[in-house]
Amino acid sequence: MSNPPVVNAPVQEMGVHELPLRVDARVERLELPSSPEDQELLLRLLEIGFLPGEPVRVIARGFPAADPIAVRVGHTTFALRSHEAALIRVSLAQPDEKRI
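So, in structure tokens, the structure goes:
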């Protein structure tokens, strides 16, 4: 009797602003912004390390409006506003991926 073929499920993306607290994820891509100001923001996010494949997790949210969001990428923590975090698209880390 043969085993059924393994089918990889499609990656479900979400914005970092939607990521639950202390859940490991991986950067998939950055959203292309529509405004010139956000294009500069996109470059800043790339420069500080939000690159595809990098481990990421939300470690805290501001009170009362959940803004800013404390996000760890690699071994560094940044405070991002919700609209900044929305540009960073992530997928949940697989169980065998290293925790940050």
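Under the working numbering, the first residue of the sequence shown is numbered -17, with each subsequent residue one higher.
The C-beta atom is built at its ideal place from N, Cα and C for all residues, glycine as well.
Residue i, DSSP secondary structure in three states
{"i": "Ala67", "result": "helix"}
{"i": "Ala61", "result": "strand"}
Cβ neighbour criterion (16 or more within 10 Å) applied to residue i
{"i": "Phe32", "result": "buried"}
{"i": "Arg4", "result": "exposed"}
{"i": "Leu28", "result": "exposed"}
{"i": "Leu1", "result": "buried"}
{"i": "Ala47", "result": "exposed"}
{"i": "Ile41", "result": "exposed"}
Rounded straight-line distance, which links the Cα of residue j to that of residue i
{"i": "Glu10", "j": "Glu19", "result": "22 Å"}
{"i": "Gly56", "j": "Phe45", "result": "25 Å"}
{"i": "His65", "j": "Arg26", "result": "14 Å"}
{"i": "Arg8", "j": "Gly(-3)", "result": "11 Å"}
{"i": "Ser17", "j": "Asp6", "result": "30 Å"}
{"i": "Ala61", "j": "Ile51", "result": "5 Å"}
{"i": "Thr59", "j": "His(-1)", "result": "15 Å"}
Beta strand (DSSP E) runs contained entirely in the segment -4 to 57, provided each spans 3 or more residues: The segment -4 to 57 contains these whole beta strand (DSSP E) runs: 7 to 12, 37 to 43 and 51 to 55.
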